[in-house]
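Numbers in the numbering used here are just positions in the sequence shown, counted from 1, shifted up by 18.
Quick reminder that beta carbons are idealized off the backbone N, C-alpha and C, glycines included.
Okay, so here's the structure we're looking at.
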Amino acid sequence: MGEAAEIVSHMDIDVIDINLSGKSQSYSLQYNKDKSLAKYSILETIKTMSWDQVPAILESIAHATQVDIPDTPPDNSKPMTWAMARELEKAGVIFGPHTVTHPILSKVSDKQSQEEISHSWQRLTQELTSPCRVFCYPNGEPYDFGNREIELIKKSQFLGAVSTIPGQVKFRSTNNNYLFSLPRYSLPSSFHDFIMYCSWIEYAKEKIRGY
């Protein structure tokens, strides 16, 4: 996904025509606002595709936009090093597994899904002292993971997993898988909202409204 965002950000043309999911798409790139909209649209489309299709799509986008894909990430996109992670861990930061290559797990094979989950935890335990045994789904929307991933996480003896699906945690849910795909609220914009969430007032309001 990062490669697609990087390509769009460095486009130096006004319009591109590319083929995504068998459909020809035209994007205006004249202004920064146009580039942002094109980036969002392209990324959202790629997320729906089988993961083995992504490299070819990225190549076609790079060709259409006359942008070279660098062999290594540019300075503003370089990942954190393990040395940095160890220093942050000493300062109190806790790290958890989030896959190895950040694919949309529902779009990969059984084998890759298993390797992405198990190897990410294995690497964390090799490099860090006390990683958190809670998995974080890439993207984390409802169709980005499924029962296959939930069962793999259980078999790997994780305590649970977190998604980006907004909502309260309902501990009495009849779905035994629920606690392995926890919903969440985004970081509140004010201290008032923080108090509302932490005090379960928002949950009470949802119950009263019948959500």
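Determine the direct distance from the alpha carbon of residue j to that of residue i, and round the result to whole angstroms.
i, j, result
"Lys172", "Gln132", "12 Å"
"Val180", "Val152", "7 Å"
"Gln71", "Pro92", "24 Å"
"Lys129", "Gln144", "22 Å"
"Arg104", "Lys41", "45 Å"
"Pro88", "Ile75", "16 Å"
"Thr119", "Glu134", "7 Å"
"Ser68", "His210", "42 Å"
"Ser217", "Gly178", "23 Å"
"Ser59", "Asp86", "21 Å"
"Phe113", "Leu146", "8 Å"
"Ile64", "Arg166", "21 Å"
"Phe212", "Ala222", "15 Å"
"Leu207", "Thr90", "According to the sequence as given, residue 207 is Ser; it is not Leu. Taking the straight line joining both Cα atoms gives about 36 Å."
"Asn50", "Gly110", "38 Å"
"Leu55", "Met102", "33 Å"
Quick one: residues in its chain with C-beta nearer than 7 Å to the C-beta of residue i, no 5 flanking neighbours on either side, listed in chain order?
i, result
"Pro73", "none"
"Ser191", "A caution first: Ser191 carries a pLDDT of 49, below 50, which makes its placement in the model unreliable, though a value can still be read off. Hits under 7 Å: none found."
"Asn37", "Ser78"
"Ser174", "Ile135, Ser136, Trp139"
Out of the options, which one is the CA nearest neighbour of residue i?
i, options, result
"Gln84", "Val33, His120, Gly185, Pro184", "Val33"
"Glu169", "Ser136, Lys223, Leu146", "Ser136"
"Ala80", "Met67, Asn94, Glu167, Lys57", "Lys57"
"Thr117", "Gly110, Ala109, Val126", "Val126"
"Thr66", "Arg166, Tyr161, Ile219", "Tyr161"
Roughly how far, in whole angstroms, is the beta-carbon of residue i from the beta-carbon of residue j, given that I think they are within contact range, below 8 Å?
i, j, result
"Pro156", "Pro121", "7 Å"
"Phe176", "Ser124", "That pair is no contact at about 18 Å."
CB-CB under 8 Å to residue i, same chain, minus the five flanking residues each way: which ones, in chain order?
i, result
"Thr182", "Tyr155, Asn157, Gly158, Glu159, Arg202"
"Glu107", "Phe113, Leu146, Thr147, Ser148"
"Lys226", "For clarity, residue 226 is Ile in the given sequence; the question names Lys instead. For Ile226, where only same-chain residues beyond five positions count, there are no Cβ hits under 8 Å."
Can you find the residues in the same chain that come closer than 6 Å, C-beta to C-beta, to residue i, ignoring five residues on each side of it along the sequence?
i, result
"Pro115", "Ser138, Trp139, Leu142, Phe153"
"Cys150", "Ile112, Gly114"
"Ser44", "Asp35"
"Trp100", "Glu145"
"Ala82", "Ile34, Ile36"
Review point. Which ranges would you report for the alpha helix (DSSP H) in the stretch 57 to 119 if only whole runs of at least 4 residues count?
Key: 72 to 83, 100 to 108
Check your understanding: Which whole runs of the beta strand (DSSP E) in the stretch 123 to 200 are 3 residues long or more, in chain order?
Key -> 152 to 154, 178 to 180
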